[in-house]
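Contents: one structure, followed by commentary.
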Amino acid sequence: MTRAGLVARVLIDSPLPQLDHLFDYSIPAELADLARPGVRVKVPLRSAGRVAEGYLIEVLGTPDTTPAAAESEFVGALSPIDGVVSAAPVLTPAVWLLARRLADRPAGNASDIIRLAVPPRQVRVEKAWLAARTAADAGSVPGHAATSAAADAAAATFFSDYPTDSLLVPVLGRQRLCVAAVPDLVPLPDGRTIGIWAQTMAELAVATLAAGRSSVLVVPDYRDQDQVQAALDLLAPVGSVSRVDARQPNPDRYRAFLACLTPAPRIVLGNRSAVYAPAHELGLIALWDDGDPLHSEPLSPYVHARDAALVRQGQADCALVFLGHSRTVEVQRLVEIGWLTEVHPARNRHPRVIPTDFQSEPDQQARAARIPTAAWLAAKEAVKHGPVLVQVASPGYAPMLACQSCKKSARCTKCQGPLGLASATSTPSCRWCGALAADWACVHCEGRSLRVVTLGTGRTAEELGRAFPGARVIIADGEHPLQQLGAEPALVIATRGAEPIPTGGYRAILLLDGERMLARESLRVGGDCLRWWSNAAALAGPGAPVILVGVGGVLARALNNWQPEALAADELHDRRQLRFPPAVRVASVTGTAADVAGAVVDLAAMDGVDVLGPVTTEEPLVRAIVRFAYGSTGDDVARLLKAAIVRNAARRRRPKGAAFRPAPTLKVRFDDPELL
DNA sequence: AGCACGCCGACT
DNA sequence: GTCGGCGTGCTC
């Protein structure tokens with residue numbers, strides 16, 4: 010409706026699905042200067058005195074059109090906004106559109122995404138930033154003219170691993186790529202060693218920066234961040250990099266966030282939340298190792314960084330690069346439908362992978378240590394000259410025990426948790442509650458003695474230390490983090506993903522416990538294992554043997570040929586046959602029988618949608634599974650489910666005696682990992 | 001969430 | 001008549 014004055018369209022910062030839309034308010038004349046899109050505002054909600062915080066999304070009308078023609082959909086009297094929290098425009102229009110789209114896709118709330126995208130406000134940091142910004146407006150505008158000399162020197166070797174027209178040119182042309190990383194290491198002048206992949210990401214970002222555009226570099230964890238940071242320290246202009254790290258203290262995090270709002274191209278490096286950074290003139294989104302589970306957001310609406318990157322690429326019209334040593338089925342699907350273009354290094358050099366069959370191992374000592382003779386000899390020779398990596402499945406000493414007589418796994422008498430040994434001499438204890446099991450008795454038989462069934466890093470280190478007397482033994486796992494390593498001889502026992510990077514690479518790599526890693530019951534095991542193994546294999550030095558123990562078949566072949574796409578293609582083919590994701594999209598709908606029935610009633614009749622169930626899960630809850638196609642069908646499914654969520658949330662009431670309103674019974678989850 | 005509105009049973 | 005129980009719906 011047409012009315013006088015300025016109108017503010019505001020998103021209320023609330024997790025309630027009923028409030029997940031824009032509310033219109035009038036802007037009092039005295040706030041007209043401050044009330045710009047993106048600022049945090051305080052607005053009245055319903056009764057006077059109740060104030061909610063929100064984000065100003067849009068201003069309708071102009072101050073000088075009096076009586077103005079401001080278009081507002083809302084018919085009724087508008088309340089005035091209470092105040093503007095600060096002049097910092099923290100929610101840029103681009104990030105708002107991204108949040109809206111990413112929330113709509115899985116029937117979620119925009120404010121849930123914005124909570125990831127906009128860090129908590131830090132008043133002092135913000136004031137300092139605002140002061141610096143007004144100073145910059147008045148005076149000179151600092152750019153990134155001061156390119157370091159190191160960057161010029163490094164420029165000579167830019168992209169030597171890929172044909173320029175297969176990587177650099179498409180990235181500057183804003184194309185979408187799936188890039189096979191070079192499985193090798195590069196020594197830096199400061200003595201550190203990083204994966205070539207990290208240098209590739211840094212080089213692409215620097216080239217994008219030189220073209221006047223920002224980059225967002227998304228990596229799973231801080232160890233990966235450190236590698237890319239090391240490459241950027243060398244290549245990128247001073248002051249052009251913002252690091253958005255979940256481990257940062259809040260003030261640092263907010264400072265880095267605000268730096269992205271400065272209207273100049275930047276390089277933003279961080280974990281999955283970096284994909285939401287408000288980068289100015291975005292030219293590139295690059296994501297490393299999209300199969301790493303750290304890329305998947307554990308908070309509702311559970312948007313995976315890969316999906317966020319895909320949506321943002323479409324909105325920003327920038328380049329998109331998925332880089333990795335392995336290939337997820339999701340990316341394989343995008344390659345097969347032609348959405349991503351595959352890029353391979355110019356030379357196909359890869360680690361020398363030797364699959365070994367373990368079943369026929371005759372050597373008793375080797376068998377006890379889970380190492381076949383060939384691997385044993387390779388390690389023995391290699392450890393004379395430099396570090397040797399032994400990758401195992403579990404941290405700790407002996408994380409799993411069983412009854413000596415009946416072989417059933419030993420459980421805690423208090424909480425049913427698994428029993429393990431913290432060290433060779435310690436009393437067995439529960440890994441969940443910590444209770445000591447000094448006087449343990451088997452519940453299945455009369456047995457009173459335990460035997461070790463799985464070996465962790467600790468026990469493996471002990472055994473290998475005995476087998477290789479004189480060798481330095483180093484443990485690297487969650488409890489003993491270690492990132493960098495020298496070139497001196499050592500046996501490095503590491504859990505998957507925790508392998509330190511040695512100068513010059515490992516002289517040999519033993520991948521143990523393959524059988525156990527594969528025993529996990531999940532649709533993803535094959536891909537996960539190949540990812541763990543190839544990421545470790547990429548740390549091999551020139552010509553070093555990588556020995557895959559006890560695994561054969563397609564997995565061993567894919568690693569041996571260094572062709573992860575072959576496995577991903579097979580897997581995707583199977584999922585198509587089964588109509589499993591990512592061949593189709595899925596959502597689970599959980600709640601009371603009536604709520605679930607009400608939510609899916611309109612879906613079943615839709616084209617390209619089928620509803621499985623509902624079946625009872627935990628009394629009195631039932632779960633239905635909705636399978637549907639990509640594209641507009643998915644949008645329709647999400648819209649209908651969101652409407653059901655809103656209906657359900659409005660209807661939930663607090664029972665008479667209870668202090669709290671019960672949680673909504675209707676839960677909708679898209680791409681539910683539990684379904685696989 | 002938190003509050004107003006409204007539609008039925010017991011009350012001064 | 002009307003006070004107030006709580007089920008229902010809305011918040012610009």
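Okay, so the first sequence: first residue is 10 according to this note's numbering, each after it adds one. Glycine included, C-beta positions come from ideal geometry on N, C-alpha and C. No experiment lies behind these values; they were computed from the predicted model shown.
Check: Indicate the three-state DSSP secondary structure (helix, strand or coil) for Val16 in the structure shown.; Outcome: strand
Check: Suppose you measure from the CA of Val686 to the CA of Ala446; what does that come to, to the nearest Å?; Outcome: Not covered by the structure: residue 686. The range shown for the chain is 10 to 685.
Check: In three-state terms, what does DSSP make of Gln64?; Outcome: The amino acid occupying residue 64 in the given sequence is Tyr; Gln does not appear at that position. Three-state result, Tyr64: strand.
Check: Give a yes or no on whether the C-beta atoms belonging to Val605 and Ala567 are separated by under 7 Å.; Outcome: no
Check: Check Ser95 in the structure and name its three-state DSSP category.; Outcome: coil
Check: When we look at the beta-carbon of Asn259 and count the other beta-carbons within 10 Å, is it buried (16 or more) or exposed?; Outcome: exposed
Check: Would you give the residue range spanned by the alpha helix (DSSP H) that Trp348 belongs to?; Outcome: No alpha helix (DSSP H) holds Trp348; DSSP gives it neither H nor E.
Check: For Ser418, count the other beta carbons within 10 Å of its own beta carbon; 16 or more makes it buried, fewer makes it exposed. Which is it?; Outcome: exposed
Check: By Cβ distance below 6 Å, which residues in the same chain neighbour Asn544 in space, the five residues on each side in sequence not counted?; Outcome: His334
Check: Quick check: Val677 and Ala116, are their CB atoms within less than 7 Å of each other?; Outcome: yes
Check: Which stretch, first to last residue, makes up the beta strand (DSSP E) that contains Thr599?; Outcome: 594–601
Check: Just to confirm the assignment: which complete alpha helix (DSSP H) runs, minimum length 4, are found wholly within the region 82–126?; Outcome: 102–113, 119–126
Check: With 16 other CB atoms within 10 Å as the buried threshold, where does Asn280 fall?; Outcome: buried
Check: Counting only the same chain and skipping the five closest in sequence on each side, list residues whose C-beta sits under 7 Å from that of Gly607.; Outcome: Ala653
Check: CA-CA distance, Ala391 and Cys421?; Outcome: 42 Å
Check: Which ranges does the alpha helix (DSSP H) cover as unbroken runs of at least 4 residues, wholly within the region 253–311, from first to last along the chain?; Outcome: 259–270
Check: Please report the straight-line C-alpha distance between Phe484 and Val60, rounded to a whole angstrom.; Outcome: Correcting the residue type first, residue 484 is Ile in the shown sequence and not Phe. One C-alpha to the other measures close to 54 Å.
Check: Could you tell me how far apart the beta carbons of Leu494 and Val482 are, in whole angstroms, since I believe they sit closer than 8 Å?; Outcome: Actually they do not touch by this definition, with Cβ atoms about 13 Å apart.
Check: Alpha carbon to alpha carbon, how far is Leu194 from Ala547?; Outcome: 8 Å
Check: Give me, in chain order, the residues of the same chain whose beta-carbon lies closer than 7 Å to that of His353; leave out the 5 immediate sequence neighbours on both sides.; Outcome: Ala189
Check: Report the CB separation of Val253 from Ser223 in whole angstroms; it is logged as a contact under 8 Å.; Outcome: Not quite, the Cβ-Cβ distance comes to about 13 Å (not below 8 Å), so this is no contact.
Check: In its own chain, which residues sit with a C-beta less than 7 Å from the C-beta of Cys327, not counting the 5 before and 5 after it?; Outcome: Arg183, Leu291, Gly292, Leu293, Ile294
Check: Compute the distance between the beta-carbons of Val558 and Gly523, then report whether it is under 7 Å.; Outcome: yes
Check: Taking contact to mean 3 or more Cβ pairs, one atom from each stretch, closer than 8 Å, check whether the region 97–111 and the region 119–136 are in contact.; Outcome: yes
Check: Looking only at C-alpha atoms, which of Arg475, Pro408, Ser403 sits nearest to Arg505?; Outcome: Ser403
Check: Taking Gly206 as the reference, which of Ala503, Met615, Cys187, Val563 has the closest Cα?; Outcome: Here the sequence assigns Trp to residue 206, which means Gly is not the residue at that position. Of Ala503, Met615, Cys187, Val563, the residue nearest in Cα terms is Cys187.
Check: Would Pro498 and Gly395 qualify as a contact pair, given that the criterion is a beta-carbon distance under 7 Å?; Outcome: yes
Check: Let me confirm a value: Gly600 is counted as buried when at least 16 other C-beta atoms fall within 10 Å, else exposed. Which label applies?; Outcome: buried
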